[in-house]
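Residue numbers (our numbering): 131 to 382.
Encoded structure:
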């Protein structure tokens, strides 16, 4: 059932709801975001859960400043707002329609002293910023599932320059072969091989993590598993199977 269809220029925005799940679409069946209506702060899409692994991979377990590039249905933004209670969260979203829909239909928080949404091109926005972030999450795509300048060597360099020395960046990549390999080459160049990525699932997304100590060989698997137990208790997200699978693949 379509509960909203708003035409803007030549594009459309659809909000659909089925079996208790509300989804965001840009005029196609491609899901740009999802929310469980009865539990609006719970993550639904698998890749959004995987991006939250960044909260236990970094040695900084309490990031003070978080930058989220791309709002979508605000699922990641809401999760951080609820569970990263000591963090200031800055969101940059290029499409004002997305911000409007996130607030009207997906319970995105209003701006306050620790949560801010700016409508801007993240590339240009970062170029004019001077502060650093402990965690940068990149999940920005247009209606055609293209990241544009947000998947470029220049943008990743901007992110690296705005990362705290011990900060971490997590980016949602499409794992289509040529495009994925190009993205990995950018990360290799910018972060000097200090990055890793999760085993690919079947949803077309691969989550990469970049920053100091993020080479796969540097990961302390037992420490990450211990953190995951605490994280599961605090948030309900269980990473045990994912981490075990990741460790096995890394040792092949």
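Glycine included, each C-beta is placed from N, C-alpha and C at the ideal position.
* Simplified DSSP assignment, three categories, for residue 299 -> strand
* Limits of the unbroken beta strand (DSSP E) element including residue 233 -> Unbroken run through residue 233 is the alpha helix (DSSP H), 226 to 235; no beta strand (DSSP E).
* To do: Counting only the same chain and skipping the five closest in sequence on each side, list residues whose C-beta sits under 8 angstroms from that of residue 379.
  => 329
* To do: Kindly list the residues whose CB is nearer than 6 angstroms to the CB of residue 226, restricted to its own chain and excluding five residues on each side of it in sequence; keep chain order.
  => Cβ within range, chain order: 249.
* Asked: So, is residue 266 buried or exposed, given that buried needs 16 or more other C-beta atoms within 10 angstroms?
  -> buried
* Asked: By the 10 Å Cβ neighbour count, where 16 or more other Cβ atoms means buried, how is residue 215 classified, buried or exposed?
  -> exposed
* CA nearest to the CA of residue 144, picked from 188, 228 and 182 -> 228
* Which residues does DSSP pair with residue 242 in a beta bridge? -> 245
* In chain order, what residues of the same chain lie with their CB nearer than 6 angstroms to the CB of residue 136, ignoring the 5 residues before and after it? -> Confidence is the limiting factor: at residue 136 the pLDDT is only 41, short of 50, which leaves the residue's position unreliable, though a coordinate-based value still follows. Cβ within range, chain order: 143.
* Length of the line joining the Cα atoms of residue 146 and residue 202 -> 14 angstroms
* Under a Cβ-count criterion, where at least 16 other Cβ atoms within 10 Å of its own Cβ denotes burial, should residue 152 be classed as buried or exposed? -> buried
* Asked: Can you tell me whether DSSP reads residue 349 as helix, strand or coil?
  -> coil
* To do: Would you mind giving the Cβ-Cβ distance between residue 285 and residue 253, rounded to the nearest angstrom? I have them listed as a contact below 8 angstroms.
  => 6 angstroms
* Is the number of C-beta pairs between the stretch 340 to 348 and the stretch 305 to 325 that are closer than 8 angstroms three or more? -> yes
* To do: Check the DSSP bridge columns for residue 339 and list the partner residues they point to.
  => Paired residue(s): 300 and 326.
* Just mark residue 138 as buried or exposed, buried being the case when its beta carbon has 16 or more other beta carbons within 10 Å. => Low per-residue confidence applies at residue 138: pLDDT is 35, beneath 50, and the placement is therefore not dependable enough to give any value.
* residue 224: buried (16+ other C-beta within 10 angstroms of its C-beta) or exposed? -> buried
* To do: Identify every residue that forms a DSSP beta bridge with residue 165.
  => 152
* Asked: Looking at the unbroken alpha helix (DSSP H) that takes in residue 285, where does it start and where does it end?
  -> 283 to 291
* In whole angstroms, what separates the C-alpha of residue 327 from that of residue 360? -> Residue 327 and residue 360: Cα-Cα distance of roughly 22 angstroms.
* **Buried/exposed call for residue 149, threshold 16 Cβ in 10 Å** => So residue 149 counts as exposed.
* To do: Kindly give me the distance between the Cβ atoms of residue 168 and residue 204, rounded to whole angstroms, as I take these residues to be in contact under 8 angstroms.
  => Their Cβ separation, rounded to whole angstroms, is 16 angstroms, which puts residue 168 and residue 204 out of contact at 8 angstroms.
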